[in-house]
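Residue numbers (full-length UniProt numbering): 1 to 150.
Here it is as structure tokens:
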């Protein structure tokens, strides 16, 4: 189980790092485009283009801030522990899928098994919190039976 959690954790790191790199590249591209626009434009057209590039930079800056928050949240996840109840860093197997409680990152596949990577603050993360093997809960009309927590 430890190796599985380590793989999932590393996939989360890669996911967040890709978001950070993408946002940084977007900021660089927008700033470069703004600089190029200022060399070749004058008047109102220049001001409009510069404003558009500033909005683009701001949008990427927000994405970068969100990705950095995800990285901070991920750094607080202890995947090395074995859990008996669901918590951040645990893998939970249910009759309706496998979950890794860490950050909201979609679905990853490890050893041919799909894992939904969910935040402890997400609706499913809240429902999973503190649950043990044998416990059950319902979310959005779907019944979940916890088979294993690790």
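Positions of the beta carbon are idealized from the N, C-alpha and C atoms, including for glycine.
Taking the CB atoms as reference points, tell me whether residue i and residue j lie closer together than 9 Å.
i, j, result
"residue 50", "residue 34", "yes"
"residue 136", "residue 146", "yes"
"residue 19", "residue 67", "yes"
"residue 83", "residue 149", "yes"
"residue 54", "residue 30", "yes"
"residue 169", "residue 128", "What is shown of the chain runs 1 to 150, which leaves residue 169 out entirely."
"residue 108", "residue 118", "no"
Cα-Cα, which of the options is closest to residue i?
i, options, result
"residue 142", "124, 16, 103", "124"
"residue 102", "30, 86, 61", "86"
"residue 74", "148, 14, 32", "14"
"residue 52", "22, 9, 32, 24", "32"
"residue 121", "25, 105, 36, 65", "105"
"residue 61", "93, 89, 21", "21"
"residue 64", "131, 113, 130, 17", "17"
Kindly identify the DSSP beta-bridge partner or partners of residue i.
i, result
"residue 142", "139"
"residue 98", "93, 115"
"residue 16", "Paired residues: none, contrary to the question."
"residue 107", "116"
"residue 149", "92"
"residue 2", "Per DSSP, none; premise fails for residue 2."
"residue 132", "85"
For residue i and residue j, I'd like the C-alpha separation in whole angstroms.
i, j, result
"residue 7", "residue 48", "47 Å"
"residue 111", "residue 27", "36 Å"
"residue 133", "residue 144", "11 Å"
"residue 115", "residue 57", "34 Å"
"residue 72", "residue 95", "31 Å"
"residue 90", "residue 81", "8 Å"
"residue 93", "residue 37", "54 Å"
"residue 3", "residue 10", "11 Å"
"residue 25", "residue 12", "20 Å"
"residue 77", "residue 88", "6 Å"
Please indicate yes or no: does the CB of residue i lie closer than 8 Å to some heavy atom of the ligand FAD?
i, result
"residue 52", "Ligands in the displayed structure: none, and consequently the ligand FAD is not present."
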